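Everything below concerns the one structure shown next.
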């Protein structure tokens, strides 16, 4: 009899747990606001038991754990929650909430969060964090030589956030970080001079110098930026198709798909300076680089390749396929040590002699 009572109680307990787990549906995820101001209330409304055992919880287990830690004041959990919210990974995507949690983490000196918050600000987001607190919290990491902390604090100083504007201090921090081999800091410097900033006049030559330093430190993105800027800069004095080709080729040899696509476009159309051909069109090479870029899931370029291949012979297509199959990436250190030669320009594409060019151009003017 006692055994029957124990069994009954056990079954009742299981039934109660099942009822707790399955009874009633949780509100749809859209009903929750996980920003710092409302996250505690949203957390309390979550079906705690189901979320803890990972059963029909409106958010993923990873997001639930990050939310729990963030509410407890853990700066790393706050940073992780912000990343999940920014990407919509296991939780509804909410950039406003992400910016809020990046701010909370940055106020506690979480360096990556401070960098992300600066990025949000430059994208036009409304920043509610205490930036003076962030600047102060970054101090210890800067003192220890953390180059990313230097980058984050430099941005605050240059733009006068969280304290008075101090352009020279900001630039000094970035130069110090670059001297400590931070490719990202060198890229920051390059972008500041290329675009200009408060107290920093536009200076493309200086900007390109720092971007080249970033590339030498292993930053493929800087190579891509240099290639694009040299090709498309609005100033004739700055635009240099030869240098653009060289930087795109370096990034392509290091297996960057975006650079490979851009290089393909350059090889498809060619490039000229005045009446002189600098890069001759090369359909085989253009097709090869598109094929290599297409290995990336983010670079489905079938429509671009169609534009190239419609004018190619069967022999040219076979050659492009052969080159792509035999190609292999090069280490960045080798790429930076290479001398990148321009493609040979056929005699028909070379510039006209000056004696013939001037009369020909004058005829067009007429």
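Numbering (the working numbering), first residue to last: 15 to 380. We put the CB at the ideal spot given by N, CA and C, even for glycine. Please read all numbers here as calculations on a predicted model, not as lab measurements.
{"query": "Reference residue 164; option with closest CA among 143, 315, 132 and 83", "result": "132"}
{"query": "Beta carbon of residue 48 nearer than 8 Å to that of residue 65", "result": "no"}
{"query": "Outcome for residue 38 when other beta-carbon atoms lying within 10 angstroms are tallied against a minimum of 16", "result": "With a pLDDT of 46 at residue 38, under the threshold of 50, the predicted position of this residue should be treated as unreliable, though the coordinate-derived value follows. Burial call: exposed."}
{"query": "Residue closest to residue 322, alpha-carbon to alpha-carbon, out of 279, 121 and 91", "result": "279"}
{"query": "Beta carbon of residue 224 nearer than 8 Å to that of residue 207", "result": "yes"}
{"query": "Complete runs of the beta strand (DSSP E) confined to the stretch 278-338 [at least 3 residues]", "result": "285-287 and 290-293"}
{"query": "Anticipated Cβ contact below 8 Å, residue 359 with residue 291, distance rounded", "result": "5 Å"}
{"query": "Rounded separation between residue 202 and residue 246 - CA only", "result": "20 Å"}
{"query": "Whole-angstrom distance between residue 146 and residue 188, CA atom to CA atom", "result": "19 Å"}
{"query": "In DSSP terms, what residue 211 is bridged to", "result": "214"}
{"query": "Selection from 262, 334, 267 and 328 that minimises the alpha carbon distance to residue 296", "result": "334"}
{"query": "Residue 300 versus residue 83: straight-line alpha-carbon distance, rounded", "result": "51 Å"}
{"query": "Cβ-Cβ separation, residue 204 to residue 228 (assumed contact under 8 Å), whole Å", "result": "6 Å"}
{"query": "Runs of alpha helix (DSSP H) wholly within the stretch 223-279 (minimum 4 residues, chain order)", "result": "234-246 and 255-267"}
{"query": "Whole-number beta carbon distance between residue 92 and residue 119, since they are thought to touch under 8 Å", "result": "4 Å"}
{"query": "CB contact flag (residue 255, residue 285, <8 Å)", "result": "yes"}
{"query": "Cβ contact (3+ pairs, closer than 8 Å) linking the stretch 308-316 and the stretch 342-360", "result": "no"}
{"query": "Pairwise C-alpha distance: residue 200 and residue 173", "result": "18 Å"}
{"query": "Environment of residue 34 [buried if 16+ CB atoms lie within 10 Å]", "result": "Low confidence applies to residue 34: its pLDDT is 43, below 50, so where it sits in the model is not reliable enough to give any reading."}
{"query": "Boundaries (first-last residue) of the alpha helix (DSSP H) holding residue 76", "result": "75-85"}
{"query": "Within 8 Å, strictly: CB atoms of residue 241 and residue 273", "result": "yes"}
{"query": "Proximity below 8 Å, CB of residue 341 to CB of residue 306", "result": "yes"}
{"query": "Three-way DSSP call (helix, strand, coil) for residue 106 in this model", "result": "coil"}
{"query": "Separation of residue 102 from residue 75, as counted between CA atoms", "result": "14 Å"}
{"query": "Residue range of the alpha helix (DSSP H) that includes residue 53", "result": "53-59"}
{"query": "First through last residue of the alpha helix (DSSP H) which encompasses residue 192", "result": "181-193"}
{"query": "Residue 90 - DSSP class collapsed to helix/strand/coil", "result": "helix"}
{"query": "Member of 109, 136, 327 and 213 whose CA lies at the smallest distance from the CA of residue 183", "result": "213"}
{"query": "Same chain, Cβ closer than 6 Å to residue 130, five either side skipped, listed in chain order", "result": "116"}
{"query": "Cβ shell of residue 104 (< 7 Å), same chain only, five flanking positions each side left out", "result": "73, 74, 76, 77 and 98"}
{"query": "Beta-carbon gap between residue 277 and residue 266 smaller than 8 Å", "result": "yes"}
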